[in-house]
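Colleague: Quick note: the sequence shown uses the numbering used here, first residue -16, plus one each step.
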Amino acid sequence: MNHNLAPSGLEKAGEQEVNDSYLKLMQALKDVEFLGEKKMKAEAEQVEAVSDFDLEGILGRKEKLASDTEKEHSQEYLIRERHEIICDRDHIENQRVDVVENLENQTLEYRFKLREPLTEISELGRKLRSESREKDGEAWLKSGTPVRLGEITYHDLESKREFRLCDALVFEKNGVKVSLADATARELGDGVISRKRNTSNLVRAAIGLVQMEVPKTMDETVAQQTLDEIFRQDLGVEDALDEVSERAERDYRIARLKWQYKLEDLDAEQLERAEKLTRREVFPGYSTYVENGKHEEYLAKYGEDVRAVHMLNSMSVDSVYQVLTTGLMSTTERFSRGVVKNGISSVLDIDSGGADNVFTRIMNAAQRSKIQNHAVVLKPEIFDRTDWYAYNVDSYGSTNEAHFAGRLAPEEIFQRTMGDLKHYSADNEQMFRTGIGVDYIEAIEVDELDRDELLEGLYQKGLFEVNGRPIEEVIVAREFDEDDDDDWGDWGNFEGAGESVEDFLAENLRKQERIEAIYNGEVKEVSLGELTALAESSEDFNDTFVSLAEAIMGQGGGAKLKADLETHLGQVLGAEDLANLASGKLPKDFAPNDLGVFLFSKNQLGVDFGKMYEEAKGWTV
């Protein structure tokens, strides 16, 4: 196997050199106790391309860490080390394999996603689940390899908490354990797959996922041969981890530009842009292609203060410290590296497909002045990356085919958010793959009253600067809009005024339980009236309405919902409104965000506004 194991990963080496380096590197990874002991992120070293990385530095790291762990500073934490292998894009998603060191099992975990998952996995999984739920049944891949039913599970290093991702087909070869994710089921866990933004009822973050566990004690040559055999015979991938050819790199650049900007074909100018894409490490151990300087176009057009912003779920000193020392990690990145802690909607994101990404929102300074959380403000250079996609409403980063087809290209999301500020959607979202490195952090904006306490906590952890900048320049007080109305005067004017707070809270809890039951597939039919009431109890009516409707459709209740909606709209909308809808326009007196509900009614439910208009026109003659 000739390949690059590196952040930058584009440098080439001779075949023998790469092979030798690979073997030495694997030995180095075995000898280095990346975990088990606590270490500071500041002490982590970057691994360069196989052709020129510092082997001596890596080999000497075990001794260094052993000395460092004696310090046991309060700011130290547990996290698995990771690297990446740049490989053939034709078979492996995003042209990379992640390598994570697992001390508990004394293994090196290879994780990647096949671009074309094996079609036999779900079928064999169903067969095994029907025959045996005790993990002792056996089936055979097309290659003839016997498999049993298992699962892919993430384990937290500190709390030992577990998260069951999905079922899997499991087999071993020469001591290498292989788990092939079955994204159709989680039956060995709690059995529930969320349908929020996920009409296909799949664990979408697991589609195509393969995990290989190689014992650290295994001979390097044997490991190399075994992995090669698994790829060729069982996965149908020839030379998967070979060095990436110049042709493959060029093809991948073109594919990345097409994907990023939603282009079918490239003209001469676009082809030239693709050729100029460069691979860059954007998060420790993870690289992608970037279009250098692209962000300058967005700032010039939409405002110099436009930024991507990440809201912190926790506002503790520990959380801010970890962000400033490790960067931002996606849910699956955290979980696979031993940090099984939920973000704002981690479980839903796993099932919708968004969990492979870090979530941000596009905001200018005025919009940031209105938020309450600690906000990680990212440098505009983040927009140069070509591995992000966007929605104008909170969609949990869905990769569900119907949703993903409607994702917005960069220019579209900037136009939707910054082009007309009167119709700014505060729940817009951008999804950046895997992680965002500390280098991209411009500032963390906090309430003025929290700043001094937060700084003191960071001082106590020994953090005084970030990338050469004083910590005082990074932790900044949020500037409030003095003209912004506060909400204190509305206290008590909530829906349900006149009832006790206890009754109001109990009713709200009932609605939330009902919503979860619908998402979990426990409810097959819901009246339009109840659906509307449930959506109104959420922070975003339109988003919740669509998500609940999708879940109901997944249970076979779409026909009734369509009929109810047609009846209702026919009663409340006049001929002019229906004519507007038939032509793709909003009816009068409806907000721009309402268009999403109407488009959903038309495209997913099949409501024919043209036919309704003709009928209404006939009635009014």
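All C-beta atoms in this analysis are idealised placements derived from N, C-alpha and C, irrespective of residue type, glycine included.
On a predicted model such as this, the values are computed, not experimentally measured, just so you know.
For residue 454, which residues in the same chain have their Cβ closer than 7 Å to its Cβ, ignoring the five residues on either side in sequence?
Modeller: Result list for residue 454: 438, 441, 446, 447 and 448, in chain order.
Colleague: Would you give the residue range spanned by the alpha helix (DSSP H) that residue 535 belongs to?
Modeller: Run containing residue 535: 524 to 537, per the alpha helix (DSSP H) assignment.
Colleague: Are the beta-carbon atoms belonging to residue 139 and residue 108 less than 7 Å from one another?
Modeller: In this structure, residue 108 does not lie closer than 7 Å to residue 139 by Cβ.
Colleague: Pick from 424, 273, 313 and 404: whose alpha carbon is nearest that of residue 452?
Modeller: Of the candidates 424, 273, 313 and 404, the one whose C-alpha sits nearest the C-alpha of residue 452 is 424.
Colleague: Which runs of the beta strand (DSSP E) spanning at least 3 residues fall entirely within the segment 148 to 180, listed in chain order?
Modeller: 159 to 165, all fully within the segment 148 to 180.
Colleague: Note down the Cα distance separating residue 592 from residue 563, rounded to an integer number of angstroms.
Modeller: Approximately 9 Å, taken between the alpha carbons.
Colleague: If you reduce the DSSP assignment to three classes, tell me which class residue 346 lands in.
Modeller: DSSP places residue 346 in strand when its eight states are reduced to three.
Colleague: Could you check if residue 100 is buried or exposed, using at least 16 other CB atoms within 10 Å of its CB as the buried criterion?
Modeller: So residue 100 ends up on the buried side.
Colleague: Give the secondary structure of residue 96 by DSSP, where H, G and I count as helix, E and B as strand, and everything else as coil.
Modeller: Residue state, collapsed to three classes: strand.
Colleague: Tell me which same chain residues have a C-beta within less than 6 Å of the C-beta of residue 587, skipping the five on either side of it?
Modeller: None.
Colleague: Here's the rule I'm using: 16 or more other beta-carbon atoms within 10 Å means buried, otherwise exposed. How should residue 159 be labelled?
Modeller: Answer is buried; the Cβ neighbour count reaches 16.
Colleague: Just the Cα atoms here: how many angstroms apart are residue 598 and residue 416?
Modeller: Rounded to the nearest angstrom, the two C-alpha atoms are 48 Å apart.
Colleague: Distance check for residue 200 and residue 267, CA to CA, integer angstroms please.
Modeller: Taking the straight line joining both Cα atoms gives about 26 Å.
Colleague: Within this structure, are the beta carbons of residue 337 and residue 380 separated by less than 7 Å?
Modeller: Yes, Cβ-Cβ distance for residue 337 and residue 380 is below 7 Å.
Colleague: Taking all protein chains shown into account, do 16 or more other C-beta atoms lie within 10 angstroms of the C-beta of residue 628, making it buried, or fewer, making it exposed?
Modeller: Because the chain here runs from -16 to 604, residue 628 falls outside it and cannot be looked at.
Colleague: How long is the line joining the alpha carbons of residue 330 and residue 388, rounded to whole angstroms?
Modeller: Rounded to the nearest angstrom, the two C-alpha atoms are 23 Å apart.
Colleague: Compare the C-alpha of residue 571 against each of 580, 561 and 579 and name the closest.
Modeller: Looking at the Cα atoms, 561 is the closest of the given residues.
Colleague: To the nearest angstrom, how far is it from the Cα of residue 525 to the Cα of residue 374?
Modeller: If I take the Cα positions, the gap works out to 14 Å.
Colleague: Can you tell me whether residue 363 is buried or exposed, with buried defined as 16 or more other CB within 10 angstroms of its CB?
Modeller: Its Cβ being crowded by 16 or more others within 10 Å, residue 363 is buried.
Colleague: Rounded to whole angstroms, what is the Cα-Cα separation between residue 481 and residue 360?
Modeller: Here residue 481 scores only 49 on pLDDT, less than 50, and its place in the model is too uncertain to base an answer on.
Colleague: Short of 6 Å in beta carbon distance, which residues of its chain neighbour residue 559, apart from the five on each side in sequence? Order them along the chain.
Modeller: Around residue 559: no qualifying Cβ.
Colleague: Taking contact to mean at least 3 C-beta pairs separated by less than 8 Å, is the segment 233 to 246 in contact with the segment 206 to 223?
Modeller: Output reads no: the segment 206 to 223 does not touch the segment 233 to 246.
Colleague: Pull up the distance between the alpha-carbon of residue 234 and that of residue 307, whole angstroms please.
Modeller: Cα to Cα, the separation comes out at about 35 Å.
Colleague: Determine, using beta carbons only, whether residue 272 and residue 262 come nearer to each other than 7 Å.
Modeller: For residue 272 and residue 262, yes; Cβs fall inside 7 Å.
Colleague: Below 8 Å, can you find three or more Cβ-Cβ pairs linking the segment 427 to 436 to the segment 271 to 289?
Modeller: Not touching, per the Cβ criterion.
Colleague: Go through the segment 101 to 148 residue by residue and report every complete run of the beta strand (DSSP E) that reaches 3 residues or more, in order.
Modeller: Complete beta strand (DSSP E) runs here, min 3: 129 to 138.
Colleague: Which residue or residues does DSSP assign as beta-bridge partners of residue 81?
Modeller: Bridge partners of residue 81: 67 and 94.
Colleague: What is the DSSP secondary structure of residue 237, reduced to helix, strand or coil?
Modeller: If DSSP states are grouped into helix, strand and coil, residue 237 belongs with the helices.
Colleague: Going straight from the alpha carbon of residue 110 to that of residue 130, what length do you get?
Modeller: So the alpha carbons of these two residues sit roughly 12 Å apart.
Colleague: For the beta strand (DSSP E) holding residue 269, just list the boundary residues, first then last.
Modeller: Here the beta strand (DSSP E) through residue 269 covers 269 to 273.
Colleague: Could you check if residue 590 is buried or exposed, using at least 16 other CB atoms within 10 Å of its CB as the buried criterion?
Modeller: Flag for residue 590 reads buried.
Colleague: If you draw a straight line from the C-alpha of residue 75 to the C-alpha of residue 397, how long is it?
Modeller: The straight-line gap from Cα to Cα measures roughly 31 Å.
Colleague: Using three-state DSSP, classify residue 379 as helix, strand or coil.
Modeller: If DSSP states are grouped into helix, strand and coil, residue 379 belongs with coil.
Colleague: Identify the residues that DSSP records as bridge partners of residue 293: which are they?
Modeller: Answer by DSSP bridge pairing, in chain order: 359.
Colleague: For residue 13, does the three-state DSSP call read helix, strand or coil?
Modeller: Caution applies to residue 13, whose pLDDT of 47 falls short of 50 and renders its modelled position unreliable; the value that the coordinates give is listed next. The answer is helix: DSSP assigns residue 13 an H, G or I state.
Colleague: Does the distance from the CB of residue 340 to the CB of residue 414 come in under 7 Å?
Modeller: Yes, they are a contact pair.
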